[in-house]
Amino acid sequence: MAEPWEYIHTKRVLNKYGLPVGAFDPEAPGEQTYDIYWMNIRTKRGTPSRSHEPEATLRISARNEGEDRHLGITCSDLKFDNTTEIDAQCENNALTSPKTWTLKYSNGSPAGKGLVEYTQKGEIRNSRLFMDDKEPAHSKTLGPYTADWCLFDAVQRLAVRKDTTKHAFDLIEEFSMIRENQFLIYRGTSKITTDQSAVTADVYCHYGESVIPTCYYVDANGRLFLVVSTRRTVILKKEGS
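Every number in our numbering is 93 more than the matching position in the sequence shown, counting from 1.
As structure tokens, then:
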């Protein structure tokens with residue numbers, strides 16, 4: 094059975110970007126930028142294939158602040174001009190669990206409507222999720238928890254710590270919706286090859302109720318360089334590109 098990184102579209106992207114090289118410390122202050130490719134590329138018979146260009150970009154900065162972990166997250170949709178910015182103060186724990194955050198959304202080009210913007214504040218208070226000081230529908234008392242973009246930071250630090258524990262948690266999807274019964278497992282290593290080089294990566298997989306299973310590939314230095322699901326491929330951009 095093929096590994097997720099062996100999907101035809103993902104391999105094409107890997108060959109385009111290449112594999113990471115050089116030192117990396119996930120505990121040091123830094124910023125990483127990823128391109129996002131959607132996997133559901135379908136064309137009618139007899140029509141040319143879509144160009145394989147990224148549909149979105151993701152930028153994540155991380156640093157330790159005292160006992161906390163601070164994340165700055167920006168996701169930009171290149172086709173529809175949507176931008177989501179998240180400033181999150183997180184627990185410095187295995188899952189980089191967010192404690193408080195501000196989410197800002199803007200859409201620069203909705204047809205005929207001009208600029209659309211909103212800001213939303215989130216907080217975990219006594220293990221309960223609050224959005225703008227109100228609990229969302231279908232709320233619950235959280236156990237261990239994290240948010241989807243926080244997993245990008247978490248898996249890097251788990252890898253350098255050689256943490257192979259099966260983590261059970263609640264997911265705050267898109268920093269707003271609770272998904273119960275989630276798991277992050279270590280699947281071992283996988284040798285990833287491109288036309289130019291090869292690397293052995295640690296593989297962490299996230300699965301659970303109402304989510305698409307996703308694999309995270311981390312190199313020997315603790316650098317997350319590839320995230321793959323049946324819906325999308327997320328790949329690390331080289332510095333300066």
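Beta carbons are placed, not taken as given, at the ideal position from N, Cα and C, and that holds for glycine.
Practice task
Check whether the Cβ atoms of N157 and P113 sit closer than 9 Å, and answer yes or no.
Solution key: no
Practice task
Name the one or two DSSP bridge partners that H163 has.
Solution key: R156, Q182
Problem - Nearest-angstrom Cα separation, counted from Y309 out to Y279 - result: 10 Å
Exercise for the section: On the DSSP bridge assignment, give the partners of Y100 in chain order. Expected result: Note: Y100 sits in no beta bridge, so no partner.
Handout entry: Own chain, CB closer than 8 Å to E170, minus 5 neighbours either side, in chain order
Key = As written in the sequence, residue 170 is Asp, which differs from the Glu given in the question. Closer than 8 Å at Cβ, skipping near neighbours: E148, A149, T176.
Handout entry: Start-end ranges of the beta strand (DSSP E) lying completely within the segment 228 to 288, minimum 3 residues
Key = 238 to 240, 260 to 266, 270 to 286
Handout entry: Distance, L264 Cα to G301 Cα
Key = 9 Å
Practice task
Kindly give me the distance between the Cβ atoms of C243 and L188, rounded to whole angstroms, as I take these residues to be in contact under 8 Å.
Solution key: 7 Å
Exercise for the section: Work out the CA separation of T287 and T323 for me, nearest whole Å. Expected result: 20 Å
Exercise for the section: Let me know the secondary structure DSSP gives L112 once reduced to three states. Expected result: coil
Exercise for the section: Name, in chain order, the residues that DSSP records as bridge partners for L196. Expected result: I179, Q213
Problem - Length of the line joining the Cα atoms of S303 and A181 - result: 24 Å
Problem - Proximity of G315 and A252 at Cβ, strictly below 9 Å - result: yes
Exercise for the section: Express the C-alpha separation of A155 and F268 in angstroms, rounding to a whole number. Expected result: 17 Å
Exercise for the section: For K284, I'd like the list of residues in its chain whose CB is within less than 7 Å of its CB, leaving aside the five on either flank, ordered along the chain. Expected result: A291, T293
Problem - When L317, G111, K259, G281 are compared against E96, the one with the closest alpha-carbon - result: G281
Handout entry: Beta-carbon gap between Y127 and V320 smaller than 9 Å
Key = yes
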